[in-house]
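Read the structure below first, then the notes.
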Amino acid sequence: MTILAKEEHALREEMVRIAASFFQRGYATGSAGNLSLLLPDGNILATPTGSCLGNLDPQRLSKVDPQGEWLSGDKPSKEVRFSSGVVSQ
1 MTILAKEEHA LREEMVRIAA SFFQRGYATG SAGNLSLLLP DGNILATPTG
51 SCLGNLDPQR LSKVDPQGEW LSGDKPSKEV RFSSGVVSQ
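Below, the structure is given as structure tokens:
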């Protein structure tokens, strides 16, 4: 596993941990709310469409490029376009 892959793996785990904390504190219920994270390679991790922040799988997180094009994982939420817009600025 490359250093970049190890970093991404750790960031996926951390994103799931933070999402679960938001859910447990009542900041998001059901499939409401979404998170995104800028990866060191410039791509974006995001919560998949319809997902519950309290029940995410690190390997199923959506990965998109800076233009918002879906690269891997489950289908990203439509809000990922906002994240990609912020990154491109």
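Residue numbers (the UniProt record's numbering): 1 to 89.
Beta carbons are placed, not taken as given, at the ideal position from N, Cα and C, and that holds for glycine.
Expected contact under 8 Å - CB spacing of residue i and residue j to nearest Å
i   : j   : result
L53 : A19 : 4 Å
P66 : R12 : With a Cβ gap of about 18 Å, P66 and R12 do not count as contacting.
Cβ neighbours of residue i in the same chain (closer than 7 Å, five flanking residues each side left out)
i   : result
S83 : S36, I44 and A46
E7  : P40
N34 : A46, T47, S77 and E79
M15 : L35, L37, L45 and L61
G30 : C52
L71 : N43, K63, V64 and D65
Beta bridge counterpart(s) of residue i as assigned by DSSP
i   : result
P40 : BP columns for P40 are empty, so no partner.
V64 : I44 and W70
P76 : P48
Residues near residue i in its chain [Cβ-Cβ closer than 6 Å; skip 5 each side]
i   : result
G73 : R60, L61, S62 and K63
A28 : F22 and L53
R81 : G68
Euclidean distance between Cα positions of residue i and residue j
i           : j   : result
N55         : R25 : 14 Å
I3          : G42 : 15 Å
F22         : E69 : 27 Å
G50         : K75 : 9 Å
residue 133 : H9  : No answer is possible for residue 133: the residues shown for the chain start at 1 and end at 89.
residue 92  : A32 : Any property of residue 92 remains undetermined from this structure, which presents the chain solely from 1 to 89.
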